[in-house]
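Residue numbers (the working numbering), protein chains in the order written: chain V, 1 to 498; chain E, 1 to 407.
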């Protein structure tokens, strides 16, 4: 715990796409951390060179927020997540110091080649109600407002935005390597919103009052480089100048070239639409479908396509994130989906009248949704925790900070257990990284509980068990057009149960 | 976030009362729209500017899976226009007014996120007369509130749009320039040099000079004969309104920069300033109703900004010591407390505000004090708090009512 006291400098480092280039850069400039690699199981890192410097590995999406709230003095993450934060909270305590000169691709506004949208001007001129799918809801809202789109609906998704157009969305705002790369997915890039490069960011208060100079000096070779995409770091400037405004200004006129329009994939509306999960759930789902006798092309462990095909010509299949499925079934983009009971419950707590229904559990992908705290906290269950929050707010912290990727489940659990006051910290998975410094408790899924133990955490409550399940849209089940085929398909899938 | 204290509410209610009375006297009817509205109501071009839209509080509704978002009402006029389109269209003339709060996302957490306005909207009718009507109505409200040294500034959205067109910018540049102007950056207009020096001269003159009567506009018309047809017809419109205002003895200043924040204005625009602050404004917005899929009907309106007006109102002391009566018990026995309630009720029924006291309040704040001792045969003592010597010991309820009524 000592490492995180005042006087220490805290750095947030990214997982995922920027981990290797960031690790190389840090090694190069003499700021290397021994355990900062793809294989590490550590979240907390110590600097061999600077005893006062510690780092934590976080999901990239969390870094800009964590730096802005002051949990970290410095951070490294992609410009897309920084702008996603700043476009909504321009007065947030987040200062962009400099681009680190690596990164790839850009955030693009894309349409399906099928949609017949040739340029941006059409979007504002037409009275259509556009559905936009994205991982970047704030950037997307700013884009749509600036373009003066008359009517639009934004569907935030956890991922796989490219899979939605044209049937399930008119536009997507997503990351793409290049216009040509986007075109190979049957999409037309309409507008480049911003380039995705890694940035060094700082908390404003830390920058104004704390001596970070030793660490910033290490970055000096990067900071003085000639970077066209951003302003160079310059102590002569006012602090505000570093925080360049959001780069989402919209140029009118199309910036789309004819050759990028790409091949038009053959697409036809299907009678029944099924969503299948990507990620961890893909392999067991694939095995399950095999047992059920549903032959799919493009959904094996070797080849995963966003649009696998089945030998049923009326069945349309898409591969998307399980987190996004309940909402996508609710809004009738899909009739059926295989997701987790946890994500169904998360959706139903938010929208109790949602037309989504669980048909049956599939028996695989079982996890426990648990509440856990640091082993150092002297409580054994949630009742003792409540008593501690009330009696000793100085020991545990008031409000109790709870990190979770299930914000609605966590919210309900905390309300039902009369934990008061509390504050929810939404995360994008791996909530254990937040404890104990940035959160007091987590509500997350565990398979064995081994990871929690490794991080010196203990489970104080099991909220429920969750496994994969088949969900359906109630209106589709009742629809005379779909009823028969829905029944056929659910019967077939039931046969895959062990 | 802001609390309104009792003295604030006295001012607030006075503004509301004066505003309501004036509006009713002019034939306007009151409406109230919901605090939550759909976001799409405000997104189309010609409604709210992108910078105002970036400040709306928006969130998912009960059917959030549909992607439809709702917002905390960010503007007063657009919801009333929606109410008109949904329920009242087809009428020849519709005069509506409202008192409402509007919400704006505030980036620092230090400023107020909720503001109140009193607004009136006029749907239908020909131009000119309604324009003048709403200006005069707004003036009357301000005058009756007793706010002095109020300046009226006039502009015309058509003039500004015509000038922008004359600059011959690309559509993208024109949109950016419009946004800058709507956010109050009029300097941008002078910096955008057009290819036509005549236009630069016209823009400089309009930004520099502040006319005080319709004669000024006639002078502009004579000095720039080559101005576009759009410009001339807007100028003519403004001349007609100002001539009428001149004839009615209404003083004003013509300031082309007196347009603020709203994109939906199409004709005359005006602002009221007092003590350096904008306290109200409005104008003509003929495109708004058709843009929102309503019929093609002209409309205009204004709003008074309650928060700055409250600061300008003198604090009226509650008229204590004149009409109010304090009813107090000598002891707190159940019998005396019950009698106190009965006495106070009889007084209020007779139209005299009566406050109860069981804690020993300062009597000097009241006109009369009724002391309830509960001892027969003289349970009440009535004291005149102004003429201390007037005491009525052993007065009956009927006597008390008589004395109090006679004053």
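Note that the Cβ used here is the ideal one computed from N, Cα and C, for glycine as well.
Burial check for residue 96 of chain E: the Cβ neighbour count within 10 Å reaches 16 or more, so the residue is buried.
Shown here, residue 117 of chain E sits in a strand according to DSSP, grouped into three states. If the five residues before and after residue 377 of chain V are omitted, its C-beta is found closer than 7 Å to the C-beta atoms of 396, all from its own chain and listed in chain order. Here the alpha carbon of residue 91 of chain V sits roughly 13 Å from the alpha carbon of residue 54 of chain E. Under the DSSP assignment, residue 221 of chain E falls in the alpha helix (DSSP H) whose first and last residues are 214 to 223. Cβ neighbours of residue 19 of chain E within its own chain (closer than 8 Å, five residues either side excluded): 97, 99, 118, 141, 304. The three-state secondary structure of residue 177 of chain E, taken from DSSP, is helix. Counting only residues of its own chain and dropping the five nearest sequence neighbours on each side, residue 273 of chain V has a CB closer than 6 Å to the CB of 316, 334, 335. Only those residues of the region 121 to 135 of chain E whose C-beta falls short of 8 Å from the nearest C-beta of chain V would be listed, and there are none. By the neighbour-count criterion, in which 16 or more other beta carbons inside 10 Å mark a residue as buried, residue 137 of chain E falls on the buried side. Closer than 8 Å to the CB of residue 40 of chain E there is at least one CB belonging to chain V. When CB distances to chain E are screened at a threshold of 8 Å, the residues of the region 148 to 173 of chain V falling below it are 148, 149, 150, 151, 152, 153, 154, 155, in chain order. Between residue 49 of chain E and residue 121 of chain E, the C-beta gap is not smaller than 8 Å, which leaves the two residues out of contact. A straight-line Cα-Cα distance of about 9 Å links residue 367 of chain V and residue 468 of chain V. At least 8 Å separates the beta-carbon of residue 257 of chain E from that of residue 269 of chain E.
In terms of Cα proximity to residue 81 of chain V, the closest of V:200, V:190, V:145, V:347 is V:200. Residue-level contact by beta carbon fails for residue 275 of chain V and chain E, as no gap is shorter than 8 Å. In the pairwise beta carbon analysis, the region 3 to 21 of chain E is classified as not touching the region 354 to 371 of chain V: fewer than three pairs are separated by under 8 Å.
Contacts with chain V (Cβ-Cβ distance below 9 Å) from the region 62 to 80 of chain E involve 62, 63, 64, 65, 66, 67, 68, 69, listed in chain order.
Within chain V, no residue has its beta carbon less than 7 Å from that of residue 169 of chain E; the closest one is some 11 Å off. Close CB contacts of residue 301 of chain V within its chain, under the 7 Å cut and outside five residues either way in sequence, are with 283, 286 (chain order). In the structure shown, residue 111 of chain V adopts extended strand secondary structure according to DSSP, grouped into three states.
For residue 66 of chain V, the closest alpha carbon among the candidates V:427, V:474, V:443, V:465 is that of V:427.
Beta bridge pairing from DSSP links residue 173 of chain V with V:109, V:134. With the criterion set as a beta carbon lying under 9 Å from some beta carbon of chain E, the members of the region 307 to 328 of chain V are 326, 327, 328, in sequence order. Looking at the DSSP output, residue 271 of chain E sits in a beta bridge with E:153, E:281. Taking a beta-carbon distance threshold of 8 Å, residue 152 of chain E does not count as an interface residue toward chain V.
Residues of the same chain with a CB within less than 7 Å of the CB of residue 64 of chain E, apart from the 5 flanking positions on each side, do not exist. Residue 308 of chain V sits buried, since 16 or more C-beta atoms from the chains shown fall within 10 Å of its C-beta. Where residue 413 of chain V is concerned, there is no enclosing beta strand (DSSP E), although the alpha helix (DSSP H) around it starts and stops at 407 to 416.
Assigned with DSSP and collapsed to three states, residue 469 of chain V falls in strand. By the beta-carbon neighbour count (other beta carbons within 10 angstroms, threshold 16), residue 346 of chain V is buried. Interface criterion not met: the Cβ of residue 123 of chain V is under 8 Å from no Cβ in chain E. Counted as a single uninterrupted DSSP element, the stretch harbouring residue 22 of chain V is not any beta strand (DSSP E) but the alpha helix (DSSP H) occupying residues 19 to 28.
When secondary structure is reduced to three states using DSSP, residue 282 of chain V falls in the helix class. Just measuring C-alpha positions, the residue of E:272, E:152, E:300, E:224 sitting nearest residue 264 of chain E is E:300.
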